[in-house]
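K.L.:
There are 2 protein chains.
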Amino acid sequence: MRRWNGWGDDQYNLELPDAGRQFLDDRVGPGTPLRDVDLDTVCQSVPPSRLVPHPLVQTRAEDRVRHARGQSLPDWLAMRSGDFGVFPDGVAYPESADDVKHLLNYARSNGIQLIPYGGGTSVAGHINPLAGNKPVLTVDMGRMNRLTDLDTESQVATFGAGTPGPLVESQLRARGYTLGHFPQSFELSTIGGWVASRSSGQQSLRYGRIEQLFAGGSIETLQGTLEIPTVPASSAGPDIREMVMGSEGRIGLITEVRARVSPLPEHESFHVMFFPDWEQARNAARKLVQNRTQLSMLRLSNAVETETQLALAGHPQLIRLLESVLALKGVRGGKCMMTFGTTGSRRQCRTALGEARALGKQFGGVYTGTRLGRKWAEKRFTMPYLREALWQMGYAVDTLETATDWDNVDNLLNRIEHNLRQGLREQSERVHVFTHLSHFYPQGCSIYTTYVFRVADSYDETYARWHHLKSTTSELIVHNRGTISHQHGVGKDHAPYLPQEKGELGMMAIRSLCGSFDPEQLLNPDTLFRN
Amino acid sequence: MRRWNGWGDDQYNLELPDAGRQFLDDRVGPGTPLRDVDLDTVCQSVPPSRLVPHPLVQTRAEDRVRHARGQSLPDWLAMRSGDFGVFPDGVAYPESADDVKHLLNYARSNGIQLIPYGGGTSVAGHINPLAGNKPVLTVDMGRMNRLTDLDTESQVATFGAGTPGPLVESQLRARGYTLGHFPQSFELSTIGGWVASRSSGQQSLRYGRIEQLFAGGSIETLQGTLEIPTVPASSAGPDIREMVMGSEGRIGLITEVRARVSPLPEHESFHVMFFPDWEQARNAARKLVQNRTQLSMLRLSNAVETETQLALAGHPQLIRLLESVLALKGVRGGKCMMTFGTTGSRRQCRTALGEARALGKQFGGVYTGTRLGRKWAEKRFTMPYLREALWQMGYAVDTLETATDWDNVDNLLNRIEHNLRQGLREQSERVHVFTHLSHFYPQGCSIYTTYVFRVADSYDETYARWHHLKSTTSELIVHNRGTISHQHGVGKDHAPYLPQEKGELGMMAIRSLCGSFDPEQLLNPDTLFRN
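Protein chains in written order, with full-length UniProt numbering: chain B, 1 to 531; chain A, 1 to 531.
Set out below in structure tokens:
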């Protein structure tokens, strides 16, 4: 069953090997876990619902608890401490666009705030209800989870917006197709959520971001149904798709997504190459993408991430062997691991692999084959489970991500890491910080930084540690040419930093756009911008 | 010097070979040209300007004549007949963003309508002034035409928005780079115009549409300066770039464009393959793009266009030789010509050519090498000159374009051609109609149809012929899942068809967005939507 207070299926646990435990102990010191509250206790704390009854609305405490929070670190602290603050007053599970229309009418008639809920995987507070006078209804789209049409000639598939990643792929795979959208949250996040928050997946180098995959669909708004027809491209004025993507629920509830799909590829494999240092590795990655080598994914870990991953992998003998082989070829301490995928026709994959190896070599890269790449592919969606294992050991983990142009990548990356690493110095706490680049463009790339620190003696103090790290780094990002988010969206947590990025007129445009659909600001208020 | 009443440089004339003349005579009958008015006569018809003087504003008659019309067929008829209807009251030639700010203040203070003018190449009435009480000032961006910055690491170039195609490319080429944006209007159209109208170029398969090339920039609006910083990608809410692209002057005047550029490719060549019939050819093209073969351009002419192009090419002996070779391989009447480009590293080009030839062969394609491809590349921007030659012979030429999903391409193409071909039947006039597909996506493609008909005895009657063909076909397009424009934009001519495509809520969103920047609707009024 799905964990009510953390990530994923509670039958699945990722164990940290002893070497990993030792590694963290060395880096930040031994952890002391905080005590978790149980579900029953939380359910007993849920106040009565303020909603007038509606046949589609469920007001059971457990439903409300399970829809109150996402997966940000503050969400975790709330779920583990039981200090939720606010719960939605009810949850609806619509099964059709008509159900959604009824819910919108109900919300308007009764002055209810609506929060669209996909997989509940937000790490930026998208789905958290607000304290206030208005009752809050969370609309869980999870029952609208079917592939309803597949046009194999145009390669367009139609899905209910609540379809989660695995059901997107399994329904397509049965017909020989794939969407190819694999965010880290794939197991739980939904296609409608991807659209609403401008998601990007691990193989975006081949399949594109959701911006390239979202072809059209239906959005139920307080003004009626917004239908976006599919055309492959258009110069007919501003693109309505682009107004929906990133609207994070403030325009309406996406009910149907038409997406561009691809036939299952003839070939796919994942490869690993090690580079002697960061500069060579980063230049190789930049050249690869600027050269338009047809890779399907590319991920470049910096030296600390490489070291951390190898330490946490749990095959010490194998790793030692690998390291001695690399050392013979001049790749020693400070080495950086690049993982890349080739996907497509055999001919394309051969060409891409040839180009990648030749280019890598120019930058001192040592190609190690597909063994580690296969490992990566097997474990690609399990990383969030590690958070649970670390939590039980008394460590908090969070990630921060941005994107910037190539000329600024090192500058921004170094500032982010430095700020996090030094962030808890006053409390004499160390923070273990490591980074990879995971989405590549000729213009620049994303920067994805993980930071691990010890939980404090109390939940409040732990939150304060997190808040200091997060807020100072977020400020730093938007003042140093980074976007506040490359793939996680804005939600409520990033909203304070958006004006710096978009400017006053950009914010005016966003407000005016959302306001035209929702003048009373009933839909996901305070998300994207303060009401 | 630039022609005041038609396309391009008046020193350059494209002669139609005798065979071409005969071909048209056979298809639509002999033409009788209408009489052209001269520039002096038109200048004498220009009424006094209603503008209060401003140091940046020029009110000479010739400036106003030269900025009154674009390149649509109604624009031609106006310029050739002298029946302009309306002229702008003046023209400004700003040299900086500050100049543009002054002009915006001047416009607001005096209730003046502003029309941004790039290359004046619109074929949809973007830059035509409106009759009305408010004076109209056209703002010619042509003096802001410099490459001001080139970041070779991030591959981002900064241009004045008025930089025309040749100056974009020559300034980049001197540094070893290319933008790779080659619309048919390349010679005259500007980078700012491309952004404002969501342009697409002949090699969009490699370089992308302007949507992929526009990284950020500056827009002067009546509310202040909208600065869009460059980031490679972002999930930080709705994308402000996407609000500017396709805004067609209604949000503000683009002054600076930062664009994603590429190093000049190691290799580039253009190839031609003939297919025995349309179905095989269209399927081959669809498979090529769905297979993600790394082509840089692809163009597929239907049988009538293939026949027309070969007839108009003017090398009858060579063509006869080609046709007898093709006939030996089973490709005869009804054959369709595919032109494709390979651009990139030698290895990429080799792979792409191999894939294209192998795939073409499966569909009965006969590869004929690069000779005809070279011809295409040499003449790629000269087609608009043909209009002049045909006009002098008494023929009117216009083009219509759209895009639709693959499952609808044949249906829509056939309806468009049928409607045009039958369109002047009541007047016993024939229309020569042919089509190519020129922009390809896994989801669908653009449909680009050319139609040639004889001018009537009068300008009014000629306009009526055109209007009947254009309006009935435009209706047909938007009622049959086509976009009203894939690459020409909306302007004033396509505005009546936009609501059918965008829907009531889509139009509301666009109006609200533009209205937030320009509540008094002073900027390019009636473009995109009626004021």
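Positions of the beta carbon are idealized from the N, C-alpha and C atoms, including for glycine.
Computed from a predicted structure; not experimentally measured.
(1) Which ranges does the beta strand (DSSP E) cover as unbroken runs of at least 3 residues, wholly within the region 68-94 of chain A, from first to last along the chain?
(2) Could you tell me which chain A residues have their CB closer than 9 Å to the CB of residue 240/B, listed as they occur along the chain?
(3) Which residues in chain B sit within 8 Å of residue 441/A, going by Cβ to Cβ distance?
(4) So the beta strand (DSSP E) residue 301/B belongs to, where does it begin and stop?
(5) Would residue 408/B pass as an interface residue toward chain A - the criterion being a Cβ-Cβ separation below 9 Å?
(6) For residue 77/B, does the count of other Cβ atoms within 10 angstroms reach 16, so buried, or fall short, so exposed?
(7) In the DSSP assignment, the alpha helix (DSSP H) including residue 23/B goes from what residue to what residue?
(8) Drop a sphere of 10 angstroms on the beta-carbon of residue 361/B, count the other beta-carbons inside from all chains shown, and report buried for 16 or more, exposed for fewer.
(9) Which of the three DSSP states, helix, strand or coil, is assigned to residue 38/B?
(10) Which one of 301/B, 289/B, 493/B, 393/B has the shortest CA to CA distance from residue 28/B?
(11) Count the other CB atoms within 10 Å of the CB of residue 116/A; is the residue buried (16 or more) or exposed (fewer)?
(12) Hey, would you say residue 347/B sits closer than 9 Å to residue 354/A, going by beta carbons?
(13) The alpha helix (DSSP H) spanning residue 11/A covers which residue range?
(14) Just to confirm the assignment, what range does the alpha helix (DSSP H) spanning residue 416/B have?
(15) Beta carbons nearer than 8 Å to chain B: which residues of the region 142-156 of chain A have them?
(16) Give the interface partners of residue 360/B over in chain A, defined as CB-CB distance under 7 Å, in chain order.
(17) Please list the terminal residues of the continuous beta strand (DSSP E) segment that includes residue 218/A.
(18) With a threshold of 9 Å between beta-carbons, can residue 309/A be considered close to chain B, or not?
(19) Could you name the residues of the same chain whose beta carbon sits closer than 8 Å to that of residue 387/A, not counting the 5 residues immediately before and after it, in chain order?
(20) Compute the Euclidean distance between the alpha carbons of residue 191/B and residue 164/B, then round it to the nearest angstrom.
(21) In three-state DSSP terms, what is residue 272/A?
(22) Am I right that residue 435/B and residue 449/B are in contact with their C-beta atoms under 8 Å? What's the rounded C-beta distance?
(23) So, with DSSP's three-state summary, where would you put residue 403/B?
(24) Please name the residue or residues paired with residue 58/A in a DSSP beta bridge.
(25) Using a cut-off of 9 Å between C-beta atoms, extract the partners of residue 536/A located in chain B.
(26) What are the boundary residues of the beta strand (DSSP E) that residue 197/B is part of?
(27) Comparing C-alpha positions only, which one of 370/B, 291/B, 408/B sits nearest to residue 177/A?
(28) For chain A, find out if any of its Cβ atoms is closer than 9 Å to the Cβ of residue 281/B; answer yes or no.
(29) Pick out the complete beta strand (DSSP E) segments inside the region 227-281 of chain A, 3 residues or longer, and give them in chain order.
(30) Any idea what DSSP makes of residue 315/B, helix, strand or coil?
(31) State the DSSP-derived secondary structure class of residue 185/B, mapped to helix, strand or coil.
(32) Taking only three categories from DSSP, how would you classify residue 542/A?
(33) Can you find a CB in chain B that lies within less than 9 Å of the CB of residue 345/A?
(34) Going along the chain, which unbroken runs of the beta strand (DSSP E) with 3 or more residues stay wholly within the region 140-189 of chain B?
(35) At a Cβ threshold of 9 Å, is residue 487/A touching chain B?
(36) Three or more beta-carbon pairs under 8 Å between the region 281-297 of chain A and the region 329-343 of chain A, yes or no?
P.N.:
Inspection of the coordinates gives the following:
(1) 90-92
(2) 502, 503, 505, 506, 509, 510
(3) 232, 233
(4) 297-301
(5) yes
(6) buried
(7) 18-28
(8) exposed
(9) coil
(10) 393/B
(11) buried
(12) yes
(13) Premise fails: residue 11/A is in no alpha helix (DSSP H) and is neither H nor E.
(14) 406-422
(15) 151, 153, 154, 155, 156
(16) Going along chain A, no residue has its Cβ under 7 Å from residue 360/B, so there is no contact; the nearest lies around 15 Å.
(17) 214-221
(18) no
(19) 6, 7, 76, 397
(20) 6 Å
(21) strand
(22) 4 Å
(23) strand
(24) 91/A
(25) Any question about residue 536/A goes unanswered here, given that chain A covers just 1 to 531.
(26) Taken as a continuous stretch (DSSP letters only), residue 197/B belongs to no beta strand (DSSP E), being part of the alpha helix (DSSP H) at 191-197.
(27) 291/B
(28) no
(29) 253-260, 267-275
(30) coil
(31) coil
(32) Because chain A is modelled from 1 through 531, residue 542/A falls outside the range shown and cannot be assessed.
(33) yes
(34) 147-151, 156-160
(35) yes
(36) yes
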